[in-house]
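Here is the structure we will look at.
Numbering (UniProt numbering), first residue to last: 1 to 376.
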């Protein structure tokens with residue numbers, strides 16, 4: 001089968017879907033690889049690196065897509081790219097299909113079978129294919145560095161002849177993959193770290209990394225499913241908000257990581273909270289692309305509101321494009337090799353990973369979660 005790797009065109013994107021090392025493994029498995037010229041440059045990967053690995057370099061999208069069996073990307077294909085794909089081709093990328101009804105229609109019109117990296121089940125079996133986690137891990141690390149760079153203070157306790165410098169305080173909302181990496185990074189830099197999460201089972205993970213978990217009365221009753229909070233009472237939310245309002249006043253850096261699948265990101269830091277923060281403090285809103293956890297954040301901008309610097313970087317993994325591309329390439333190639341061999345796709349439609357990640361197939365929207373949102 002012929003694999004095509006497109007150059008990313010989305011603003012602020014620096015990653016590439018496949019690296020030369022992964023090209024070698026795909027060729028060994030019997031596939032052929034063609035990559036668009038310059039696709040890896042922003043990840044420090046040159047055309048010559050891909051050619052040395054055995055890939056062919058194509059100058060333009062039309063040539064690349066004309067006879068490609070499988071198209072690999074980081075971000076969702078554009079409508080123009082879909083129009084240039086051959087009918088019945090396979091696409092694998094981040095898709096977030098529930099937010100893109102026009103793209104779903106276009107994929108179905110060309111009978112393209114689209115697999116979405118963001119829909120891969122987060123199970124032990126699919127761990128090596130979990131691009132959401134691999135990219136969030138890097139994002140959590142980078143968020144702390146951005147916050148530290150914008151803060152006019154150092155992180156660690158420091159004793160000098162001129163006096164003692166107190167450690168900075170970092171408050172993190174959410175103890176998922178990104179949040180846990182942010183905790184670990186902030187602690188390594190010497191900060192005092194506090195963490196808020198509605199899931200009681202995250203307390204142990206937070207404390208194992210040296211963070212202080214902000215417990216709220218009644219938290220034990222919170223239900224969770226697959227690591228995500230299922231139901232939280234209004235009473236509990238109010239108690240949590242009251243606690244956060246007190247803790248945010250002392251924070252030097254606030255990092256927010258909360259996302260809700262299929263919905264706008266919840267507002268965790270209100271304008272009132274921002275006003276209560278110390279002048280010179282910093283907020284890093286990791287959910288800004290999905291609407292933001294801070295009421296005053298702006299996508300792809302760093303703004304100062306009420307003396308607080310608010311960083312709204314929408315694509316944190318792309319700022320670490322070399323590592324992000326390496327990890328993503330491993331994720332997407334592992335998924336591809338699970339779904340297919342050199343002779344074609346297995347189409348085991350009831351198999352857990354296939355069923356979880358396949359969005360459109362043979363002109364039909366087949367993904368249950370996406371259907372539930374788009375066909376309301």
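Note that the Cβ used here is the ideal one computed from N, Cα and C, for glycine as well.
These figures come from a predicted structure and were not determined experimentally.
Short Cβ contact (8 Å threshold) for residue 92 with residue 129 = Taking the C-beta atoms as reference points, residue 129 is found no nearer than 8 Å to residue 92.
Just checking my contact of residue 322 with residue 44 at CB under 8 Å: how many whole Å lie between their CB atoms?
-> About 5 Å separates the CB atoms of residue 322 and residue 44; that is less than 8 Å, so the two are in contact.
6 Å Cβ shell around residue 297 - same chain, five flanking residues per side excluded | Closer than 6 Å at Cβ, skipping near neighbours: 285, 288, 310, 312.
Does the distance from the C-beta atom of residue 14 to that of residue 318 stay below 8 Å?
-> The answer is yes: Cβ separation under 8 Å.
Pairing CB atoms from the segment 155 to 166 with CB atoms from the segment 204 to 211, are three or more of them under 8 Å?
-> No: the two stretches stay apart, fewer than three of their Cβ pairs being nearer than 8 Å.
Buried versus exposed call for residue 144 [16 or more other C-beta atoms within 10 Å across all chains shown] = Counting other Cβ atoms within 10 Å of its Cβ, residue 144 reaches 16 or more and is therefore classed as buried.
Residue nearest to residue 1 in terms of C-alpha spacing, selected from 26, 177, 367, 250 = Its Cα nearest to that of residue 1, the residue 26 stands out among 26, 177, 367, 250.
Would DSSP call residue 4 helix, strand or coil?
-> Strand, per DSSP.
Sequence-distant residues of the same chain with beta carbon closer than 6 Å to residue 137, five excluded per side = The residues are 177, 181.
Count the other CB atoms within 10 Å of the CB of residue 156; is the residue buried (16 or more) or exposed (fewer)?
-> Residue 156 is exposed by the Cβ-count criterion.
Among residues of its own chain, excluding the 5 on either side of residue 192, which ones have a beta-carbon nearer than 6 Å to its beta-carbon?
-> Excluding residues within five positions, the ones whose Cβ falls inside 6 Å are 167, 169.
Inter-residue Cα distance where the pair is residue 113 and residue 305 = Looking at the backbone, the Cα of residue 113 and that of residue 305 are separated by about 45 Å.
Residue range of the beta strand (DSSP E) that residue 163 falls in?
-> Taken as a continuous stretch (DSSP letters only), the beta strand (DSSP E) holding residue 163 covers 163 to 165.
Where the alpha helix (DSSP H) through residue 336 begins and ends | Residue 336 -> alpha helix (DSSP H) spans 321 to 339.
Looking only at C-alpha atoms, which of 10, 71, 46, 7 sits nearest to residue 32?
-> Scanning 10, 71, 46, 7 for the CA closest to the CA of residue 32 turns up 71.
Does residue 170 have its Cβ less than 8 Å from a Cβ in chain B?
-> In summary, chain B is missing from the structure at hand, where a single protein chain is found.
Of the choices 125, 29, 194, whose alpha-carbon is the least far from that of residue 351?
-> Here the closest residue by C-alpha is 125.
Which runs of the alpha helix (DSSP H) spanning at least 4 residues fall entirely within the segment 66 to 117, listed in chain order?
-> Here the runs fully enclosed are 79 to 84, 101 to 109.
Quick one: what does DSSP say residue 159 is sitting in, helix, strand or coil?
-> In the three-state reduction of the DSSP assignment, residue 159 falls in the strand class, which pools E and B.
Under 8 Å between the Cβ atoms of residue 214 and residue 243?
-> Closer than 8 Å, so yes.
Using the rule of at least 16 other Cβ atoms within 10 Å of the residue's Cβ for burial, across every protein chain shown, is residue 132 buried or exposed?
-> So residue 132 counts as buried.
Residues near residue 359 by beta carbon distance below 8 Å, same chain, minus five either side = Residues of the same chain with a CB within less than 8 Å of the CB of residue 359, apart from the 5 flanking positions on each side, are 95, 97, 104, 107, 114, 115, 116, 119, 365, 366, 367, 370 in chain order.
Please go through the same chain and pick out, in chain order, the residues whose beta-carbon is closer than 6 Å to the beta-carbon of residue 291, but skip the five residues on each side of it.
-> Closer than 6 Å at the Cβ level, and outside the excluded window around residue 291, lie 264, 265.
Can you tell me the Cα-Cα spacing of residue 85 and residue 65, whole angstroms?
-> A straight-line Cα-Cα distance of about 5 Å links residue 85 and residue 65.
Neighbourhood of residue 189 by C-beta distance below 8 Å, restricted to the same chain and skipping five residues each side = Within the same chain, Cβ atoms closer than 8 Å to the Cβ of residue 189 are found at 144, 148, 155, 156, the five residues on either side in sequence being excluded.
Put residue 132 into one of helix, strand or coil per three-state DSSP.
-> Three-state result, residue 132: helix.
Does DSSP put residue 344 in a helix, in a strand, or in coil?
-> Residue 344 falls in the strand class under three-state DSSP.
How would you write the range of the beta strand (DSSP E) that residue 169 sits in, first residue to last?
-> Residues 169 to 173.
In terms of DSSP beta bridges, what is residue 287 paired with?
-> Looking at the DSSP output, residue 287 sits in no beta bridge, so it has no partner there.
If we ignore side chains and look at the alpha-carbon of each, how far apart do residue 99 and residue 314 end up?
-> Those two C-alpha atoms are separated by around 16 Å.
To the nearest angstrom, how far is it from the Cα of residue 347 to the Cα of residue 357?
-> Their Cα atoms are separated by approximately 12 Å.
Run through DSSP, which three-state label would residue 25 get?
-> The DSSP-derived three-state label of residue 25 is helix.
Taking the alpha carbon of residue 245 as the point to measure from, which residue in 260, 236, 270, 261 has its own alpha carbon closest?
-> When each option's Cα is compared against that of residue 245, the closest is 270.
With C-beta atoms as the reference, is residue 255 less than 8 Å away from residue 273?
-> Not a contact, by the Cβ cut-off of 8 Å.
Candidates 16, 69, 54: which alpha carbon is nearest residue 344's?
-> Of 16, 69, 54, the smallest CA-CA separation from residue 344 is found for 69.
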